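J.:
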Amino acid sequence: MLVLGLSGNFSARDSDLVPLLPDQLFHDSAACLVRDGEVIAAVEEERFNRIKKTTKFPVNAIRACLDVAGVTVDQLDGVAYYFREDFVDTTLNFFYTVHPKVPTVYCRQLIKQWFAEEFDWDLGDDKLVFTPHHDAHAIAAVARSGMPESLVLVLDGRGEENSGTVYRSGGGRLEKLADYPVFKSLGMLYLNATQLLGYGFGDEYKVMGLAPYGDPATFREAVSSLYLLGDKGEYDLLPNMTVPDLVGPSMLARGITPRRKGEPFTQQHKDFAAATQEALEKIVLHVLTHWAESTGLSRLCFGGGVAHNSTLNGDILRSGLFREVFVHPASHDAGASEGAAFLAADQLGGAARPVRRSRTASSGPALGTEAEVRDRLGAWGAVLDFERHEDIVPVAAGLLADGAVLGWAQGRSEFGPRALGNRSIIADARPAENQTRINAMVKQRESYRPFAPVVTAEAAADYFDLPATEANYDFMSYVVPVREERRPELGAVTHIDGTARVQVVDPAANERFHRLVAAFGERTGTPVLLNTSFNNNAEPIVQTIDDVVACYLTTDLDYLVVEDFLVRRRSADPSADLDTLVPRLRPVTRLARRLGTGAVAAGPAWHEISLDYAGAPVARMSEELFTLLGVVDGVRTVGELAKEAGIVPDAVRAELYELWQQRYLTLTPA
């Protein structure tokens, strides 16, 4: 049986379903294709439309999954969605009421319209299945875990009526044991705290990274006033979470002032982050302690967005409550597309799922055959030099040992937010200055945020204090202590509290990446590399060769490795070579001429470029560049457009390069 699972909302490529649709609404668009209980392909829409955490309908992800499997839509036995139909329609109704000019079309018809328009396929009602959200999270984790029976915990911002659910899994079925309603949402509690610290939806992981810089004792009493632990794994959040912001008013009353976006972090902010993280851990362990003891189950599957809190996950391991723990590599809502597909297959009469542990998250599309990779790199020949090596691993290991920072792109992309060796930026994990260096050359992110290590399975216990509880360290899901004697050796990946979010790699999980880390260890004596996602701060993780090259050319990475090819820039100044490239505006790119206002007459005009989605950036630009972008046609090069517009390319080249860095537009070979 072949079933396609979906997550995300129903917005078009270039517009929202309704104006200013919140990015929290049906987020993390993705598609997952399941055949006879096995994941064939899974990928997030953001990898294609290049919008972080996009909510738009996953049409590109669907097409990619079908291409990976070599099938067409008419071969599908079912299509599954990751929420119940009544919940989705009720939510849409609210926005239709607020925006009466928007046509009132509900989710079943919206999904069917997408398949009709994009794939010329009449999706029958008997093949379209809507699934309970937390059930989808739960079964996704169970299916990948290989556990014959387990306790299952799902925690997120909200499902339909709940924000947490506990299950018993066994015999291929889920038995619901408890629900925690939306007004007890730990995901929303943490989001409210995240917003108080000047961040937004999807930035919770930054607060987790900030927490070790603070002292939780400073605001322990204040944050503890927000919750009350009860009997039998129960808890309450006070005041009731039906209040839109639980944290802000309570903390303001206790002298904890909010941070505005862009302001520096004070010690007060760090202490508040620490107290928030501590509270989350305390509540979750309270819940798990009861259910572990009352059920006697010794294994745990953990899913939902809260399961991406790797510090919490490390605490669960160290608690000793379980013999084994499994966390889904895409435990956020994208992973629920996978669970929805499994649930629909069950409902439609599919075969039982095999009980088998998943060792890889690399279920996205590949970069291509050797010939395809060579041809596409060759198209960039005006700005790149490249050469193929019979075995790229020793070449890359030597460059890393000499201090280079590499972009590393191999095989199929990873499903989920972690780069695990197929779309990675890698460097020597030893020099502490590499953290600052990589932040400056690529990430441009907050200096406090740690980078993660990848270590060979053979050396993992020598470098990290791994708890006795068995866990899937393949997916960077757990923060564990770095052994004290190894901390000076791992300066670039050891966090301020002596911990690291570790990835353990072996040949079964990723043969080439394991060989690379091992080869680096043979040269340096340290079989550990710094591994971070291959993207800059303006984009999601790279997917295609064009994405890979664009990120390389708009950062200061030293080298690029694509499959067996070593790639170098031709020029030390990439902006000097833009004339040969073709600019294209993205579907969400908007150009505007703004007129200033004055007391008597209009003020001076300015020119703007923006991206049209929630939370997107806006930038000003010169009149010359505005004129050039106004005649972009996706065919002519920068040099040709500048000539037609009567602009000297030198006048706009640096400005255009900066807009490319921030992904307002794309530049590709002619």
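Quick note: the sequence shown uses full-length UniProt numbering, first residue 1, plus one each step. Where is the CB? At the ideal position from N, CA and C, for every residue including glycine. Predicted, not measured: the structure shown is a model, and the values here were computed from it.
Bridge partners of alanine 452, per DSSP?
T.: On the sequence shown, residue 452 is found 452 positions in, with the first residue counted as 1. Beta-bridge pairing links alanine 452 to Asn531.
J.: Would alanine 572 be called buried (16 or more neighbouring beta carbons within 10 Å of its own) or exposed?
T.: Counting from one through the sequence shown, the residue named residue 572 turns up at place 572. So alanine 572 counts as exposed.
J.: When you compare only the Cα positions, how much space is there between tyrosine 478 and arginine 501?
T.: The residue labelled residue 478 in the question sits at position 478 within the sequence shown. The residue labelled residue 501 in the question sits at position 501 within the sequence shown. If you take the alpha carbons of tyrosine 478 and arginine 501, they lie about 6 Å apart.
J.: Where does the unbroken beta strand (DSSP E) through serine 447 begin, and where does it stop?
T.: Along the sequence shown, one-based indexing puts residue 447 at 447. No beta strand (DSSP E) contains serine 447, which DSSP labels as neither H nor E.
J.: For the putative contact between threonine 55 and asparagine 93, defined by C-beta atoms under 8 Å, what is the C-beta separation to the nearest angstrom?
T.: In the sequence shown, the residue the question calls residue 55 occupies position 55. In the sequence shown, the residue the question calls residue 93 occupies position 93. Their Cβ separation, rounded to whole angstroms, is 18 Å, which puts threonine 55 and asparagine 93 out of contact at 8 Å.
J.: With contact counted as at least three CB pairs below 8 Å, one residue from each stretch, are the segment 541-553 and the segment 599-619 in contact?
T.: Output reads no: the segment 599-619 does not touch the segment 541-553.
J.: Going by CA-CA distance only, name the one from Leu629, Ala654 and Glu655 that's closest to glutamate 644.
T.: Taking the first residue of the sequence shown as position 1, residue 644 is located at position 644. Answer by Cα proximity: Leu629.
J.: How would you call isoleucine 496, buried or exposed, if buried means at least 16 neighbouring beta carbons within 10 angstroms?
T.: Reading the sequence shown from its first residue, position 496 is the one you call residue 496. It counts as exposed.
J.: Since glutamine 503 sits in a beta bridge, which residues does DSSP pair it with?
T.: Counting from 1 along the sequence shown, the entry for residue 503 is found at position 503. DSSP output for glutamine 503 lists Val454 as bridge partner(s).
J.: With 16 as the cutoff for other CB atoms within 10 Å, does glutamine 444 come out buried or exposed?
T.: For this step, residue 444 is matched to residue 444 along the sequence shown. So glutamine 444 ends up on the exposed side.
J.: Assuming alanine 457 and leucine 466 are in contact, meaning their beta carbons sit under 8 Å apart, how far apart are those beta carbons, in whole angstroms?
T.: Here residue 457 refers to the residue found at position 457 of the sequence shown. Here residue 466 refers to the residue found at position 466 of the sequence shown. Going by Cβ atoms, the distance from alanine 457 to leucine 466 rounds to 11 Å, so no, they are not a contact pair.
J.: Applying the 10 Å Cβ sphere with the 16-neighbour rule, what's the burial state of methionine 241?
T.: Looking up residue 241 in the sequence shown gives position 241. In this prediction, methionine 241 scores a pLDDT of 48, lower than 50, which makes its location untrustworthy; no coordinate-derived value is stated.
J.: DSSP has isoleucine 426 in a bridge; who is on the other side?
T.: In the sequence shown, counting from the first residue as 1, residue 426 sits at position 426. Its beta-bridge partners are Leu406 and Asn531.
J.: Give the secondary structure of valine 521 by DSSP, where H, G and I count as helix, E and B as strand, and everything else as coil.
T.: Position 521 of the sequence shown, counting from 1, holds the residue named residue 521. One point to set straight first is that residue 521 is glycine, not valine, in the sequence displayed. Of the three classes helix, strand and coil, the one that applies to glycine 521 here is helix, per DSSP.
J.: Name the residue from Pro507, Leu285, Asp125 and Ser298 whose alpha carbon lies nearest to the alpha carbon of residue 694.
T.: Outside the shown range of the chain, which is 1 to 670, sits residue 694, and nothing can be said about it.
J.: Let me confirm a value: lysine 101 is counted as buried when at least 16 other C-beta atoms fall within 10 Å, else exposed. Which label applies?
T.: Counted from its first residue, the sequence shown places residue 101 at position 101. Burial call: exposed.
J.: How about alanine 404 and tyrosine 559: are their beta carbons less than 8 Å apart?
T.: Indexing the sequence shown from 1 puts residue 404 at position 404. Indexing the sequence shown from 1 puts residue 559 at position 559. Yes; because the gap between Cβ atoms is below 8 Å, this pair is in contact.
J.: Hey, how far is the Cα of glutamate 370 from the Cα of glycine 421?
T.: Along the sequence shown, one-based indexing puts residue 370 at 370. Along the sequence shown, one-based indexing puts residue 421 at 421. Using only the alpha carbons, I get a separation of about 19 Å.
J.: Three or more C-beta pairs under 8 Å: does that hold for the segment 1-20 against the segment 331-347?
T.: In short, these stretches touch, since the Cβ pair count reaches three.
J.: Terminal residues of the continuous beta strand (DSSP E) containing arginine 173?
T.: Indexing the sequence shown from 1 puts residue 173 at position 173. Looking at the DSSP string, the run of the beta strand (DSSP E) that includes arginine 173 is 173-181.
J.: Within the same chain, show all residues whose beta-carbon is closer than 7 Å to that of valine 243, passing over the 5 residues directly before and after it, in chain order.
T.: Within the sequence shown, residue 243 is the residue found at index 243, counting from 1. Here the model assigns valine 243 a pLDDT of 46, short of 50, so the residue's position is not dependable and the matter cannot be decided.
J.: Helix or strand or just coil, what does DSSP make of asparagine 537?
T.: As a working note, residue 537 is residue 537 in the sequence shown. The answer is coil: DSSP assigns asparagine 537 none of H, G, I, E or B.
J.: If you draw a straight line from the C-alpha of phenylalanine 520 to the C-alpha of leucine 529, how long is it?
T.: Looking up residue 520 in the sequence shown gives position 520. Looking up residue 529 in the sequence shown gives position 529. Straight-line Cα distance between these residues: approximately 8 Å.
J.: Below 7 Å CB to CB, which residues in the same chain sit around glutamate 655 once its five sequence neighbours on both sides are set aside?
T.: On the sequence shown, residue 655 is found 655 positions in, with the first residue counted as 1. Closer than 7 Å at the Cβ level, and outside the excluded window around glutamate 655, lie Met621, Ser622 and Leu625.
J.: Does the structure place the segment 227-240 close enough to the segment 178-188 that three or more beta carbon pairs sit under 8 Å?
T.: Result yes; three or more Cβ-Cβ pairs closer than 8 Å.
J.: In whole angstroms, give me the CA-to-CA distance for threonine 637 and alanine 116.
T.: As a working note, residue 637 is residue 637 in the sequence shown. As a working note, residue 116 is residue 116 in the sequence shown. If I take the Cα positions, the gap works out to 35 Å.
J.: Could you give the DSSP three-state label for alanine 651: helix, strand or coil?
T.: Indexing the sequence shown from 1 puts residue 651 at position 651. Of the three classes helix, strand and coil, the one that applies to alanine 651 here is helix, per DSSP.
J.: Distance, Cα to Cα, aspartate 16 vs tyrosine 613?
T.: Mapped onto the sequence shown, residue 16 falls at position 16. Mapped onto the sequence shown, residue 613 falls at position 613. Distance between the alpha carbons of aspartate 16 and tyrosine 613: 7 Å.
J.: Per DSSP, which residues does cysteine 107 bridge with? Please list them.
T.: On the sequence shown, position 107 is the one that residue 107 refers to. Answer is none; cysteine 107 lacks a bridge partner.
J.: Could you check how far apart the C-beta atoms of isoleucine 392 and aspartate 122 are, in whole angstroms? I think they sit under 8 Å.
T.: On the sequence shown, position 392 is the one that residue 392 refers to. On the sequence shown, position 122 is the one that residue 122 refers to. At roughly 47 Å, the Cβ-Cβ gap does not stay under 8 Å, so isoleucine 392 and aspartate 122 are not in contact.
J.: Ordered along the chain, which non-local residues of its own chain (more than five positions away) have a Cβ less than 6 Å from that of alanine 616?
T.: Here the question's residue 616 lines up with position 616 in the sequence shown. Hits under 6 Å: none found.
J.: Give the DSSP bridge partners of phenylalanine 386, in chain order.
T.: Taking the first residue of the sequence shown as position 1, residue 386 is located at position 386. In DSSP, phenylalanine 386 forms a bridge with Val567.
J.: Starting from the Cα of asparagine 537, find the closest Cα among Ala274, Leu228, Ala409 and Glu446 and give me that residue.
T.: If you number the sequence shown from 1, residue 537 lands on position 537. Comparing Cα positions, the closest option is Glu446.
J.: Within the continuous beta strand (DSSP E) that includes serine 319, where are the two ends?
T.: Within the sequence shown, numbered from 1, the residue matching residue 319 stands at position 319. Segment 310-319 is the alpha helix (DSSP H) holding serine 319; no beta strand (DSSP E) there.
J.: According to the neighbour-count rule (16 or more other Cβ atoms, all chains shown, within 10 Å of its Cβ), is lysine 206 buried or exposed?
T.: Mapped onto the sequence shown, residue 206 falls at position 206. Classification of lysine 206: buried, given that the 10 Å Cβ count is 16 or more.
J.: On the criterion of 16 or more Cβ atoms from any shown chain inside 10 Å, does glutamine 661 qualify as buried, or is it exposed?
T.: Indexing the sequence shown from 1 puts residue 661 at position 661. Glutamine 661 is buried by the Cβ-count criterion.
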